[in-house]
Amino acid sequence: MPEGHTIHRAAQQSLLLAGGDVVVASSPQGRFAASAARIDGARLLRVDAWGKHLFTSFDGGELLHVHLGLFGRFATHEQLPPPSPTESVRLRLVGSRAALDLSGPTICRLVDPAGRDGVVARLGPDPLRRDPGGGERFATRVLASRAPIGALLMNQTVVAGVGNVYRAEALFLESLHPERPGRTLSVEATAALWQRLVVLLRDGVRRGAIVTIDPALVERPSGALRRGGATGTRRGRPATWVYGQQHCRRCAAPVRSWELAGRRCYACEVCQPPVGLTG
DNA sequence: ATACCATGAACAG
DNA sequence: TGTTCCTGGTATC
Numbered sequence: 475m476p477e478g479h480t481i482h483r484a485a486q487q488s489l490l491l492a493g494g495d496v497v498v499a500s501s502p503q504g505r506f507a508a509s510a511a512r513i514d515g516a517r518l519l520r521v522d523a524w525g526k527h528l529f530t531s532f533d534g535g536e537l538l539h540v541h542l543g544l545f546g547r548f549a550t551h552e553q554l555p556p557p558s559p560t561e562s563v564r565l566r567l568v569g570s571r572a573a574l575d576l577s578g579p580t581i582c583r584l585v586d587p588a589g590r591d592g593v594v595a596r597l598g599p600d601p602l603r604r605d606p607g608g609g610e611r612f613a614t615r616v617l618a619s620r621a622p623i624g625a626l627l628m629n630q631t632v633v634a635g636v637g638n639v640y641r642a643e644a645l646f647l648e649s650l651h652p653e654r655p656g657r658t659l660s661v662e663a664t665a666a667l668w669q670r671l672v673v674l675l676r677d678g679v680r681r682g683a684i685v686t687i688d689p690a691l692v693e694r695p696s697g698a699l700r701r702g703g704a705t706g707t708r709r710g711r712p713a714t715w716v717y718g719q720q721h722c723r724r725c726a727a728p729v730r731s732w733e734l735a736g737r738r739c740y741a742c743e744v745c746q747p748p749v750g751l752t753g
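According to the working numbering, the first sequence is numbered sequentially starting from 475.
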């Protein structure tokens, strides 16, 4: 499921697996058929991720803009020929080494450079892009705002690429209550929060999954470590401190969950005391 | 078979 | 603030 790490990983993967290739483009679902025809036979040149937005450029000048939304996903098939696409595959790109399937995106369209620039201009700093001024721009917005920090983190004009899981986990790890107004944070706390996002998202790209809690650090009845597979990616309890949890995995207090900025928010009010909240 | 839920965001009013 | 769109997995009858 997509937050910024998913998109940056998809950018890496598609460049690795299809960069430089002439691609066969199709839209098994049909909804992107006319546009796919314009990419078909073009060479995939570059892939660029900005927050949760992905831009793929082809020679001939076509530029593909993808946003996965809540349900979208990329699938890669490194064995050719790839299996038959399912009915919901919006776009399939087949290169010489792999096939890439896109399904369920909120946005999948061809844009011109001005369209791309317009999207990027509305995005805040992305913790996954090398941007020396990113932390400063983030801090400026946070420290000037009366909005809750838990809402600011979901605002893509404040910081691009953070979603509901990283919101919950970054605030937990920084001992910040989600309802604290941005301007009640200290400069130091704001800088630490930015750095936390950088580290968490980078780790998410590396793993291909959001794992914020080391499973080995969690008490287990048997004391046995899990073996095999990527920990945290199996179904069941997510590898998180508070996101989706009933109890805090650090102190075992009940995790409170409520709606904040249109999404369910999770916090341990013992580890994240509501300091400075007037109610 | 149906309902509901999920790591998102645009749009209406 | 509420509605809408995108898909698939799990829960509930």
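Quick reminder that beta carbons are idealized off the backbone N, C-alpha and C, glycines included.
**Report entry** Contact the stretch 549-567 vs the stretch 591-599: 3+ CB pairs below 8 Å
**Finding:** No: fewer than three Cβ pairs fall under 8 Å.
Requested in this report: Below 8 Å CB to CB, which residues in the same chain sit around GLU561 once its five sequence neighbours on both sides are set aside?
Outcome: The residue given as residue 561 occupies position 87 in the first sequence. Cβ-Cβ distances below 8 Å link GLU561 to PRO502, GLN503 in the same chain, with the five nearest sequence neighbours on each side left out; the list follows chain order.
Requested in this report: On the DSSP bridge assignment, give the partners of SER531 in chain order.
Outcome: Here the question's residue 531 lines up with position 57 in the first sequence. Per DSSP, ARG520, LEU537.
**Report entry** Closest residue to PRO579 among LEU647, GLY589, ALA549 (Cα-Cα distance)
**Finding:** Looking up residue 579 in the first sequence gives position 105. Residue ALA549 is the option with its Cα nearest to PRO579.
Query raised in the report: Based on the DSSP secondary-structure assignment, which residues constitute the bridge partners of ARG442?
Result: In the structure as shown, the chain starts at 475 and stops at 753, and residue 442 therefore has no counterpart that could be examined.
Query raised in the report: Does the beta-carbon distance from ARG546 to VAL497 come in below 8 Å?
Result: Here residue 546 refers to the residue found at position 72 when the first sequence is read from its first residue. Here residue 497 refers to the residue found at position 23 when the first sequence is read from its first residue. Correcting the residue type first, residue 546 is Gly in the shown sequence and not Arg. Their beta carbons are not under 8 Å apart, which means GLY546 does not touch VAL497 by this criterion.
Query raised in the report: Exposed or buried, what is MET475 when buried is set at 16 or more other beta-carbons lying within 10 Å of its beta-carbon?
Result: For this step, residue 475 is matched to residue 1 along the first sequence. Per the 10 Å Cβ criterion, exposed.
Query raised in the report: Cβ atoms of VAL716 and ALA741: under 8 Å apart, would you say?
Result: In the first sequence, counting from the first residue as 1, residue 741 sits at position 267. In the first sequence, counting from the first residue as 1, residue 716 sits at position 242. A distance below 8 Å separates the beta carbons of ALA741 and VAL716.
Query raised in the report: What residue range is occupied by the uninterrupted alpha helix (DSSP H) comprising HIS479?
Result: What you label residue 479 is simply residue 5 of the first sequence in a count that begins at 1. From DSSP, the alpha helix (DSSP H) with HIS479 extends over 478-492.
Query - Beta-carbon proximity of ALA634 to GLY525, cut-off 8 Å - result: As a first step, residue 634 must be located in the first sequence, where it is residue number 160. As a first step, residue 525 must be located in the first sequence, where it is residue number 51. A contact, by the Cβ cut-off of 8 Å.
Report task. Give the secondary structure of THR631 by DSSP, where H, G and I count as helix, E and B as strand, and everything else as coil. Result -> Position 157 of the first sequence, counted from the start, is the residue given in the question as residue 631. Here THR631 sits in coil by DSSP.
Report task. Please classify ARG590: does DSSP put it in a helix, a strand, or coil? Result -> Numbered from 1 along the first sequence, position 116 holds the residue referred to as residue 590. Three-state DSSP puts ARG590 in a helix.
Report task. Express the C-alpha separation of SER649 and THR664 in angstroms, rounding to a whole number. Result -> Position 190 of the first sequence holds residue 664. Position 175 of the first sequence holds residue 649. One C-alpha to the other measures close to 12 Å.
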